[in-house]
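Written below as structure tokens is the structure these notes are about.
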Amino acid sequence: MDIKEKAEPLLRFFWPASCAGCDCLGEYLCALCRAKILPFRPSCFYCGRASVHGTTCFSCRGDGRAERVIVAAHYADPVVRALVRELKFGSVKDIADILAGIMLPPILSAIAGLSRDALFLCPIPLHPRRKRVRGFDQARLMADALSEALGIKTVPLLRRDRYSPPQARLPAETRFRGANIAGSFSISDNTVPAGKIPILVDDVITSGATLSEAVKVVRAAGFAEVWSAFAASGN
Ligand SMILES: [Zn+2]
Ligand SMILES: [Zn+2]
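To convert a position in the sequence shown, counted from 1, into my numbering, add 222.
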């Protein structure tokens, strides 16, 4: 147990959980505010056209593009934004479970009828340096929560090799070119048989540059079809 975990109950005593939507005390998201979160309309991430379960349309497919981008909610939704910020910058680990809960309905519809064994969850990892500062890797926590709820294994297939400054701090033109992302990932675990479908998991997708790099690496490792799932889209 590290110092952050030890301090957690003390912190909660002085700063009890409050709802990201209405500030009511006791939980980070109350049932009423949760019900008000607008679900993301399933669409092709790359062109925005409506598509079932976020399936990438045929003309948008390519090497660095996931065959499915499943998104649960909008980052513009103030409640969703507050939850993501509290998780990442307030280091409130419990919110990973809440975001995973929001992701469940669209993932469940996307995997309906498929064997859980044919799939695995793969967090899009933080660089170890960022993980050390934050105390945890939110994508890993979300993948583990999803794993428990869905009965699909988590395999940390990817490792982040290059430290890149947080996307939000870069000028927009650099962000969209994905210049600071190239070469960020490598494979850390190649024990998964090809033929399974990896579902890459992260909290927010914005330009898609990080996803693109992750997809390229995973595809090069032999996975022909790659899916991804996010709590929110910034688009
Ligand atoms: Zn509330
Ligand atoms: Zn498309």
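Yeah, the Cβ is synthetic: ideal placement off N, Cα and C, and Gly gets one too.
- beta strand (DSSP E) segment containing Ile-320, residue limits: The residue labelled residue 320 in the question sits at position 98 within the sequence shown. Careful: Ile-320 lies outside any beta strand (DSSP E), inside the alpha helix (DSSP H) at 317-333.
- Beta-ladder partner(s) of Arg-381, from DSSP: Residue 381 sits at position 159 when you count from the first residue of the sequence shown. BP columns for Arg-381 point to Ser-408.
- Task: Compute every distance between the C-beta of Tyr-268 and the non-hydrogen atoms of ligand 2, then say whether any falls below 8 Å.
- Result: As a position in the sequence shown, residue 268 is number 46, starting the count at 1. It does: the Cβ of Tyr-268 is within 8 Å (strictly closer) of some heavy atom of ligand 2.
- Message: Which same chain residues end up closer than 8 Å to Arg-397 when comparing Cβ atoms and leaving out the 5 residues on each side of it in sequence?
- Response: Taking the first residue of the sequence shown as 1, we reach residue 397 at position 175. No answer about Arg-397 holds up, because its pLDDT of 49 lies below 50 and its placement is not dependable.
- Item | Local Cβ density within 10 Å of Leu-309, reported as buried at 16 or more and exposed below that | Position 87 of the sequence shown, counted from the start, is the residue given in the question as residue 309. When all chains shown are included, Leu-309 counts as buried.
- Item | Ser-265 - DSSP class collapsed to helix/strand/coil | By 1-based counting over the sequence shown, the position of residue 265 is 43. In this structure, Ser-265 counts as strand in the three-state DSSP scheme.
- Query: So what does DSSP say about Arg-399, is it helix, strand or coil?
  - Reply: Here residue 399 refers to the residue found at position 177 of the sequence shown. A caution first: Arg-399 carries a pLDDT of 46, below 50, which makes its placement in the model too unreliable to give a value.
- Message: Classify Thr-466: buried if its beta carbon has 16 or more other beta carbons within 10 angstroms, exposed otherwise.
- Response: No answer is possible for residue 466: the residues shown for the chain start at 223 and end at 457.
- Message: Can you tell me whether Asp-299 is helix, strand or coil according to DSSP?
- Response: Within the sequence shown, residue 299 is the residue found at index 77, counting from 1. Asp-299 falls in the coil class under three-state DSSP.
- Task: Would you mind sorting Cys-241 into buried or exposed? The rule is 16 or more other CB atoms within 10 Å of its CB.
- Result: For the purposes of this step, residue 241 is taken as residue 19 along the sequence shown, with counting starting at 1. Per the 10 Å Cβ criterion, buried.
- Task: Alpha carbon to alpha carbon, how far is Ser-369 from Cys-282? Give it in angstroms, no decimals.
- Result: Here residue 282 refers to the residue found at position 60 when the sequence shown is read from its first residue. Here residue 369 refers to the residue found at position 147 when the sequence shown is read from its first residue. Each residue's Cα considered, the two are about 29 Å apart.
- Sequence-distant residues of the same chain with beta carbon closer than 6 Å to Val-314, five excluded per side: One-based indexing of the sequence shown puts residue 314 at position 92. Excluding sequence neighbours, Val-314 sits near Glu-308.
- DSSP bridge partner residues for Asp-424 (one or two, in chain order): Residue 424 sits at position 202 when you count from the first residue of the sequence shown. BP columns for Asp-424 point to Phe-452.
- Message: Less than 8 Å between C-beta atoms, sequence neighbours within five positions excluded: which residues of the same chain meet that for Arg-271?
- Response: Numbered from 1 along the sequence shown, position 49 holds the residue referred to as residue 271. Answer for Arg-271: Ser-265 and Cys-279, listed in chain order.
- If we ignore side chains and look at the alpha-carbon of each, how far apart do Val-439 and Gln-360 end up? Looking up residue 439 in the sequence shown gives position 217. Looking up residue 360 in the sequence shown gives position 138. Near 21 Å, if we compare the C-alpha coordinates of Gln-360 and Val-439.
- Message: Measuring straight from C-alpha to C-alpha, what distance separates Thr-277 and Arg-303?
- Response: By 1-based counting over the sequence shown, the position of residue 277 is 55. By 1-based counting over the sequence shown, the position of residue 303 is 81. Going from the Cα of Thr-277 to the Cα of Arg-303 covers about 25 Å.
- Item | 7 Å Cβ shell around Arg-399 - same chain, five flanking residues per side excluded | For the purposes of this step, residue 399 is identified with residue 177 of the sequence shown, where counting begins at 1. The pLDDT assigned to Arg-399 is 46, lower than 50, so where the model puts this residue is not dependable, and the model offers no usable value.
- Task: Identify whether Lys-418 lies in helix, strand or coil by the three-state DSSP scheme.
- Result: As a first step, residue 418 must be located in the sequence shown, where it is residue number 196. DSSP places Lys-418 in strand when its eight states are reduced to three.
- Residue interval of the alpha helix (DSSP H) (run including Leu-372): Counted from its first residue, the sequence shown places residue 372 at position 150. Note, Leu-372: alpha helix (DSSP H), 360-372.
- Task: Would you mind working out which of Asp-285, Ile-329 and Gly-286 sits nearest Ala-367, comparing C-alpha positions?
- Result: Position 145 of the sequence shown holds residue 367. With distances taken between Cα atoms, Ala-367 lies closest to Ile-329.
- Query: What is the DSSP secondary structure of Phe-280, counted as helix, strand or coil?
  - Reply: Looking up residue 280 in the sequence shown gives position 58. If DSSP states are grouped into helix, strand and coil, Phe-280 belongs with the helices.
- Nearest-residue set for ligand 1, Cβ under 6 Å from any heavy atom: Cys-241, Gly-243, Cys-244, Cys-246, Cys-252, Leu-254 and Cys-255
- Task: Check the DSSP bridge columns for Ala-272 and list the partner residues they point to.
- Result: Along the sequence shown, read from residue 1 onward, the residue named residue 272 stands at position 50. Answer by DSSP bridge pairing, in chain order: Ser-265.
- Please name the residue, chosen from Arg-290, Gly-357, Pro-345 and Ala-298, that lies closest to Ser-331 on a Cα-to-Cα basis. As a first step, residue 331 is located in the sequence shown; it is residue number 109 there, counting from the start. The option with the nearest alpha carbon to Ser-331 is Arg-290.
- What is the rounded straight-line gap between the Cα of Leu-326 and the Cα of Ala-453? Here residue 326 is taken as the residue at index 104 of the sequence shown, counted from 1. Here residue 453 is taken as the residue at index 231 of the sequence shown, counted from 1. Answer to the nearest angstrom: the Cα atoms are 9 Å apart.
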